[in-house]
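Numbering (full-length UniProt numbering), first residue to last: 1 to 325.
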């Protein structure tokens with residue numbers, strides 16, 4: 001829905017006869033940029049428009065060739081887009097709209113400087129639009145640097161917790177017991193598709209290895225992997241041939257796999273905004289979803305903070321959780 005919001009507006013303002021970039025959409029991950037490109041192409045199916053995904057990990061030469069041939073919309077990650085601007089392959093003279101998807105992520109992490117650098121090349125008349133399910137105040141303040149008289153459309157926090165997603169916790173006395181708890185859970189539940197979140201890339205690799213030693217079929221994905229490997233894993237997960245994916249917050253934002261019914265926070269997220277993004281990977285498009293949080297003693301206060309922040313209640317997991325999936 002969020003993607004369609006800006007994609008439809010973008011398409012409405014395009015001039016298909018002008019074979020130049022008229023809209024630039026930036027996203028924090030390659031996977032999300034590629035997903036947005038597919039949505040824009042699908043919505044503009046009858047318009048004869050070119051939409052290019054400009055992301056790292058792909059051949060620079062191919063990007064240059066495509067951009068020089070002329071495209072109407074570029075969807076990309078900041079690093080590769082900035083590179084294409086510097087190489088003069090991406091010209092921004094005709095840009096009317098500039099979108100930041102997952103804007104709080106883009107403006108609060110390492111992307112901020114790159115985004116300012118890109119922004120300097122845009123025409124003064126460009127319309128700037130920021131989209132995200134969460135927008136902390138400090139990020140809202142940053143936006144004043146490149147938005148003129150912006151209109152803010154903000155959803156109340158208590159309306160953010162996603163309807164249709166049941167949220168539970170399991171108390172785990174020690175960090176070391178999380179693995180056994182996960183294996184028990186795996187044997188109890190019939191999982192259509194699930195995402196398991198860890199806070200570090202090292203833990204993702206470790207957990208995949210431990211689960212595979214116990215003959216559980218799982219795949220994993222994180223930012224240290226090369227793009228081809230990430231593409232294959234994502235394709236398998238979308239098609240359902242891979243059913244359980246262990247990942248970092250790389251996959252917390254925007255990724256839409258409609259069959260995901262279960263999200264497990266093996267580690268609670270380090271910031272409360274990411275909690276809503278993570279659990280929002282389940283229960284897509286009105287389907288039922290379940291989120292289960294593994295909780296050590298040290299995590300209790302973080303969970304209470306999340307409950308307070310989203311005005312929600314996360315209860316202990318019931319024995320009949322299988323019926324909810």
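Cβ coordinates follow ideal geometry from the N, Cα and C atoms, glycine included.
- Taking 9 Å as the cut-off, the Cβ atoms of residue 296 and residue 203 do not count as close.
- For residue 76, the enclosing beta strand (DSSP E) starts and ends at 73-76.
- Around the beta-carbon of residue 1, fewer than 16 other beta-carbon atoms lie within 10 Å, marking it exposed.
- Residue 21 sits in coil when the DSSP states are folded into three classes, being neither helix nor strand.
- Around the C-beta of residue 23, 16 or more other C-beta atoms lie within 10 Å, and the residue is accordingly described as buried.
- Cβ-Cβ distances below 8 Å link residue 212 to 218 in the same chain, with the five nearest sequence neighbours on each side left out; the list follows chain order.
- Looking at 205, 216 and 197, the one whose alpha-carbon comes closest to that of residue 274 is 197.
- DSSP, read as helix, strand or coil, puts residue 315 in strand.
- The three-state secondary structure of residue 310, taken from DSSP, is coil.
- Rounded to the nearest whole angstrom, the C-alpha separation of residue 59 and residue 206 is 31 Å.
- Taking each of 192, 29 and 312 in turn and checking the Cα distance to residue 263, the smallest one comes out for 192.
- The bridge partners DSSP lists for residue 221 are 247.
- Under the DSSP definition of a beta bridge, residue 194 partners with 244 and 262.
- Between residue 281 and residue 260 the beta-carbon gap is near 5 Å, inside 8 Å, which marks them as a contact.
- The beta-bridge partner set that DSSP reports for residue 101 consists of 131.
- For the pair residue 153 and residue 132, the Cα-to-Cα distance works out to about 11 Å.
- Residue burial annotation: residue 229 is exposed, with fewer than 16 other C-beta atoms found within 10 angstroms of its C-beta.
- Between the alpha carbons of residue 108 and residue 139 lies a gap of roughly 7 Å.
- The Cβ atoms of residue 84 and residue 67 sit closer than 9 Å to each other.
- Under the 10 Å beta carbon count, residue 269 is surrounded by 16 or more other beta carbons and is classified as buried.
- Rounded to whole angstroms, residue 222 and residue 31 show a C-alpha spacing of 11 Å.
- Pairing residue 302 with residue 209, the inter-Cα distance amounts to about 28 Å.
- In this model, residue 80 and residue 33 are separated by some 12 Å (Cα to Cα).
- Excluding residues up to 5 positions away in sequence, 14, 22, 49 and 50 lie with their Cβ nearer than 6 Å to the Cβ of residue 72 in the same chain.
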